[in-house]
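Visitor: One structure coming up, written as structure tokens, with questions to follow.
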Amino acid sequence: MGELRQISIFAENKPGRLEKVTRVLADAAINILAVSISSSGDFGVIKFIVDRPDSALEILKANGFTVSLNPVLAIELVDKPGGLHSVAEVLFRHSINIENAHVFVEGNRDKAYLIVEVQDLEEAKKRLAGEAVKFY
Amino acid sequence: MFWNEELETISPVNLRELQLKRLRETLGRVYFNVPFYHNRFQALDIKPDSIKSVSDISRLPFTIREDILNNYPFGLLAVTRDEMVRVHTSSGTTGKPKAIFFTKNDIDRAADLIARCLVMTGMRKYDVLQNMMTYGLFTGALVMHYGAEKVGVLIVPAGPGNTERQIMLMKDFHTTALHITPSYALYLADYINARGIDPKQDLFIKRAYLGAEPYSEQTRKKIEELLGIEVYNSYGLSEMNGPGVAFECEYKSGMHLWEDNFIAEIIDPDTGEVLPEGTNGELVLTTLQREGMPLIRYRTRDITRFIPGHCPCGRTHRRIDRIFGRSDDMFIVKGVNIFPQQIENVLMATKGVGQNYQIVLDSLDQLTVRVEIARDLFDGNVSHLVNIQNSIVEALKREILVKPKVELLEPGTLPISEGKSKRVIDNRTL
Chain A
1 MGELRQISIF
11 AENKPGRLEK
21 VTRVLADAAI
31 NILAVSISSS
41 GDFGVIKFIV
51 DRPDSALEIL
61 KANGFTVSLN
71 PVLAIELVDK
81 PGGLHSVAEV
91 LFRHSINIEN
101 AHVFVEGNRD
111 KAYLIVEVQD
121 LEEAKKRLAG
131 EAVKFY
Chain B
137 MFWNEELETI
147 SPVNLRELQL
157 KRLRETLGRV
167 YFNVPFYHNR
177 FQALDIKPDS
187 IKSVSDISRL
197 PFTIREDILN
207 NYPFGLLAVT
217 RDEMVRVHTS
227 SGTTGKPKAI
237 FFTKNDIDRA
247 ADLIARCLVM
257 TGMRKYDVLQ
267 NMMTYGLFTG
277 ALVMHYGAEK
287 VGVLIVPAGP
297 GNTERQIMLM
307 KDFHTTALHI
317 TPSYALYLAD
327 YINARGIDPK
337 QDLFIKRAYL
347 GAEPYSEQTR
357 KKIEELLGIE
367 VYNSYGLSEM
377 NGPGVAFECE
387 YKSGMHLWED
397 NFIAEIIDPD
407 TGEVLPEGTN
417 GELVLTTLQR
427 EGMPLIRYRT
437 RDITRFIPGH
447 CPCGRTHRRI
457 DRIFGRSDDM
467 FIVKGVNIFP
477 QQIENVLMAT
487 KGVGQNYQIV
497 LDSLDQLTVR
507 VEIARDLFDG
517 NVSHLVNIQN
527 SIVEALKREI
537 LVKPKVELLE
547 PGTLPISEGK
557 SKRVIDNRTL
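Quick mapping for you: the protein sequence lines, in order, are chains A and B. Quick note: the working numbering has the first sequence finishing at residue 136, numbered continuously throughout. Quick note: the working numbering has the second sequence finishing at residue 566, numbered continuously throughout.
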């Protein structure tokens, strides 16, 4: 089972925050592969999958951002009707609750993954071990 | 160890005797040399020798801030202007400041009290003190400077600001002690940690003296943990020498107020009545050793209490508690009296909260607390942040009885103060 790591950045909910973050990444020639934003009233968290997560972490920190780099569950999505459903069905069967999710398409555009944030990553991996789903 | 063992451990009986002697001398000086006091005492038919005991002091009228302002600049001098060698002013926010004049002896005595404070917290002549208070009209830096020189420590007169350079000085000169405001200390600790500097490995700091603004016990603990040092409270005000009026000893349970130099009373701020020992009230101070500008029963507006009982360090000078608040700082929301320190206490005890915060008042019933989150506790999870936000709201509500609005901010968003910080932004037009 592979491991995909996601960058999270704390952001106050005000204009220009995403622009600032992405500018820092662009200047460092870091490629953004997927993005998701979850917000709660006055603040939110911007999440990225990038090609060079360790450099991104370092550069964002150096620019004063509040950042964290965490492993996430990435499950392959089959490109046909019912593709997402079959993944959702497996998660449901194992009572794995999704806190946050978004889709990430790999660089060569061959495969897409559902990025799932769960309460307990290790526990989720254990429960899904015998299933016919593919991971990143 | 003591700087002046005889006076620091003087017996209570002898201390009262010394206080009475010095009080009567002081009253004599102001009665004959300061028209303001002469007129006041005469109006009440009080002469210096009407005071037979220290407790008779309660018969004397108070001196308030406005009295100093109204007599600005030279009206309260008890000796001629050419005896003065220095003037300090308070941080007046509007209009004229309060001007306090010092003779050569006044400077020397203020320095001597600082020397007591430093030695009792373990400072010796081989120590290095980085003085990060503002040098200038403000008393904080210069009074400490002169006291530290007396002890013989090496002083790095850095002043506040330019944090990168401060750290360089600490490393290069092997700084062992800091004199700093609480808000700048928090910022400095965060700065050092964010840059991966290990204070225990890379720096030599053993202790820090915090003063000039009220702060909470939780803030002290936070700074001690972040920097791995001992933090001592210092109390003073520019009207009374500045720092060194009262100071913590090694036991850090209250600040010894140097009663051979000041008579301290705790009064009910509304009625002016002297309160029994142990009760919270406004601290009132009378100078006993000052030549240039003695002040009688000066109302500090600081809320504290005497801590009953003896201190194991052996000093007989009574201890005052950490300043609960400056009565000027208190604000009212939904009819409830609130001190900023109550809010700070809650914030600094909450995990996930960073170094800086701000209290914003927009109306009579709305209180907003803006809090920077802790960089190292951020894990990318929105629901964890929501939990932090909710727990702050609940904890504040328990403490101040008003439900505030809490905003979480990115670290570094709020203005950093390198001198005295402004925690409360009052946008109300009353």
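Note that CB positions come from ideal geometry on N, CA and C, so glycine has one too. Keep in mind it's a predicted model, so treat the numbers as computed, not measured.
1) By the DSSP assignment, the alpha helix (DSSP H) with B/M256 in it spans what residues?
2) Could you check how far apart the C-beta atoms of B/K234 and B/L205 are, in whole angstroms? I think they sit under 8 Å.
3) Once DSSP output is grouped into helix, strand and coil, what is the label at B/N492?
4) Residue range of the beta strand (DSSP E) that A/V50 falls in?
5) Are the beta-carbon atoms belonging to B/F237 and B/M220 less than 7 Å from one another?
6) Taking 7 Å as the CB-CB cut-off, is A/M1 touching chain B?
7) Examine the Cβ distances between the stretch 508-520 of chain B and the stretch 485-492 of chain B and report whether three or more of them are shorter than 8 Å.
8) Going by C-alpha distance, which of B/M376, B/M256 and B/D501 is nearest B/V223?
9) How would you call A/G94, buried or exposed, if buried means at least 16 neighbouring beta carbons within 10 angstroms?
10) Can you confirm whether A/D42, when its beta carbon is compared against all beta carbons of chain B, has any partner nearer than 7 Å?
11) For the beta strand (DSSP E) that contains A/T104, what are its first and last residues?
12) Please tell me whether A/G130 has its Cβ less than 7 Å away from any Cβ of chain B.
13) Taking 6 Å as the limit between beta carbons, can you name the residues of its chain near B/R152, skipping five residues before and five after?
14) So that I know if they touch, is there some Cβ in chain A lying closer than 7 Å to that of B/P547?
15) Give the secondary structure of B/N206 by DSSP, where H, G and I count as helix, E and B as strand, and everything else as coil.
16) Looking at C-beta atoms only, is the number of pairs between the stretch 14-26 of chain A and the stretch 85-104 of chain A that lie closer than 8 Å three or more?
17) For B/R534, which residues does DSSP report across the bridge?
18) Output the distance between the C-alpha atoms of B/G461 and A/V87, rounded to the nearest integer angstrom.
19) Buried or exposed for A/E122, please, with buried defined as at least 16 other CB atoms from any protein chain shown within 10 angstroms of its CB.
20) If you follow the beta strand (DSSP E) that B/N369 is in, where does it begin and where does it stop?
21) Would you mind working out which of A/G64, A/P71, A/S55 and A/N97 sits nearest B/G516, comparing C-alpha positions?
22) According to the neighbour-count rule (16 or more other Cβ atoms, all chains shown, within 10 Å of its Cβ), is A/M1 buried or exposed?
23) Pairing CB atoms from the stretch 473-485 of chain B with CB atoms from the stretch 27-37 of chain A, are three or more of them under 8 Å?
24) So, under 8 Å CB-CB, B/K261 and B/G283 are touching, yes? Tell me the CB distance rounded to an integer number of Å.
25) Consult DSSP for B/H224 and reduce its assignment to one of helix, strand or coil.
26) In chain order, what residues of the stretch 481-513 of chain B put their CB closer than 7 Å to some CB of chain A?
27) In three-state DSSP terms, what is B/Y434?
28) Flag this pair as yes or no: are the beta carbons of B/V529 and B/V538 separated by less than 7 Å?
29) In chain A, which residues lie with their C-beta within 7 Å of the C-beta of B/S519?
30) Can you confirm whether A/S38, when its beta carbon is compared against all beta carbons of chain B, has any partner nearer than 7 Å?
31) Count the other CB atoms within 10 Å of the CB of B/G351; is the residue buried (16 or more) or exposed (fewer)?
32) Helix or strand or just coil, what does DSSP make of A/I96?
33) Within 7 Å of any Cβ in chain A, is that where the Cβ of B/E543 sits?
34) With DSSP as the reference, label B/L346 as helix, strand or coil.
35) Leaving out five residues on either side along the sequence, give the residues of the same chain with a beta carbon under 6 Å from the beta carbon of B/S194.
36) Once the 5 residues before and after B/H310 are set aside, which same chain residues still bring their CB inside 8 Å of it?
Guide: This is what the structure gives:
1) Along the second sequence, one-based indexing puts residue 256 of chain B at 120. Where B/M256 is concerned, the enclosing alpha helix (DSSP H) stretches over K240 to M256.
2) Counted from its first residue, the second sequence places residue 234 of chain B at position 98. Counted from its first residue, the second sequence places residue 205 of chain B at position 69. Going by Cβ atoms, the distance from B/K234 to B/L205 rounds to 6 Å, so yes, they are a contact pair.
3) For the purposes of this step, residue 492 of chain B is identified with residue 356 of the second sequence, where counting begins at 1. B/N492 falls in the strand class under three-state DSSP.
4) Taking the first sequence and counting its residues from 1, one reaches residue 50 of chain A at position 50. F43 to V50 is the extent of the beta strand (DSSP E) around A/V50.
5) By 1-based counting over the second sequence, the position of residue 237 of chain B is 101. By 1-based counting over the second sequence, the position of residue 220 of chain B is 84. Yes, Cβ-Cβ distance for B/F237 and B/M220 is below 7 Å.
6) As a first step, residue 1 of chain A must be located in the first sequence, where it is residue number 1. For A/M1, the predicted model reports a pLDDT of 49, less than 50, meaning its position is unreliable; a value from the coordinates is still stated below. Judged by the 7 Å Cβ criterion, A/M1 is not in contact with chain B.
7) yes
8) Counting from one through the second sequence, the residue named residue 223 of chain B turns up at place 87. Among B/M376, B/M256 and B/D501, the Cα nearest to that of B/V223 belongs to B/M376.
9) On the first sequence, residue 94 of chain A is found 94 positions in, with the first residue counted as 1. Looking at the sequence itself, residue 94 of chain A is His, so the reference to Gly does not match. Result: exposed.
10) Here the question's residue 42 of chain A lines up with position 42 in the first sequence. Yes, contact with chain B.
11) What you label residue 104 of chain A is simply residue 104 of the first sequence in a count that begins at 1. The identity of residue 104 of chain A in the sequence shown is Phe, whereas the question assumes Thr. Here the beta strand (DSSP E) through A/F104 covers N100 to V105.
12) For the purposes of this step, residue 130 of chain A is identified with residue 130 of the first sequence, where counting begins at 1. Closer than 7 Å: no.
13) Here residue 152 of chain B refers to the residue found at position 16 when the second sequence is read from its first residue. The answer, listed in chain order, is V190.
14) Position 411 of the second sequence, counted from the start, is the residue given in the question as residue 547 of chain B. It does; some Cβ of chain A falls within 7 Å.
15) Numbered from 1 along the second sequence, position 70 holds the residue referred to as residue 206 of chain B. Helix.
16) no
17) Taking the second sequence and counting its residues from 1, one reaches residue 534 of chain B at position 398. Answer is none; B/R534 lacks a bridge partner.
18) The residue labelled residue 461 of chain B in the question sits at position 325 within the second sequence. The residue labelled residue 87 of chain A in the question sits at position 87 within the first sequence. B/G461 and A/V87: Cα-Cα distance of roughly 58 Å.
19) By 1-based counting over the first sequence, the position of residue 122 of chain A is 122. Its Cβ having fewer than 16 others within 10 Å, A/E122 is exposed.
20) For the purposes of this step, residue 369 of chain B is taken as the residue at position 233 of the second sequence. Counting along the chain, the beta strand (DSSP E) containing B/N369 begins and ends at E366 to L373.
21) Translated into positions along the second sequence, residue 516 of chain B becomes position 380. Closest option to B/G516, Cα to Cα, is A/P71.
22) For the purposes of this step, residue 1 of chain A is taken as the residue at position 1 of the first sequence. Reliability of the predicted coordinates at A/M1 is poor, the pLDDT of 49 falling under 50, and the value obtained from them is presented with this limitation in mind. Per the 10 Å Cβ criterion, exposed.
23) no
24) Taking the second sequence and counting its residues from 1, the one referred to as residue 261 of chain B is at position 125. Taking the second sequence and counting its residues from 1, the one referred to as residue 283 of chain B is at position 147. Incorrect: roughly 13 Å between the Cβ atoms, too far for contact.
25) Looking up residue 224 of chain B in the second sequence gives position 88. In this structure, B/H224 counts as strand in the three-state DSSP scheme.
26) I509 and R511
27) Translated into the one-based positions of the second sequence, residue 434 of chain B becomes position 298. Strand, per DSSP.
28) Within the second sequence, the letter at position 393 stands for residue 529 of chain B. Within the second sequence, the letter at position 402 stands for residue 538 of chain B. No, these two residues do not count as a Cβ contact at 7 Å.
29) In the second sequence, the residue the question calls residue 519 of chain B occupies position 383. Under the 7 Å cutoff, chain A gives E99.
30) Locating residue 38 of chain A in the first sequence gives position 38, where the first residue counts as 1. A/S38 counts as touching chain B.
31) Within the second sequence, the letter at position 215 stands for residue 351 of chain B. In the sequence on display, residue 351 of chain B carries Tyr and not Gly. Classification of B/Y351: buried, given that the 10 Å Cβ count is 16 or more.
32) Position 96 of the first sequence, counting from 1, holds the residue named residue 96 of chain A. Note: A/I96 maps to coil in three-state DSSP.
33) Working through the second sequence from its first residue, we reach residue 543 of chain B at position 407. Judged by the 7 Å Cβ criterion, B/E543 is in contact with chain A.
34) Locating residue 346 of chain B in the second sequence gives position 210, where the first residue counts as 1. Three-state result, B/L346: strand.
35) Residue mapping note: residue 194 of chain B aligns to position 58 of the second sequence, counting from 1. Excluding sequence neighbours, B/S194 sits near V410.
36) As a working mapping, residue 310 of chain B is identified with position 174 in the second sequence. Here the set comprises V264 and F340.
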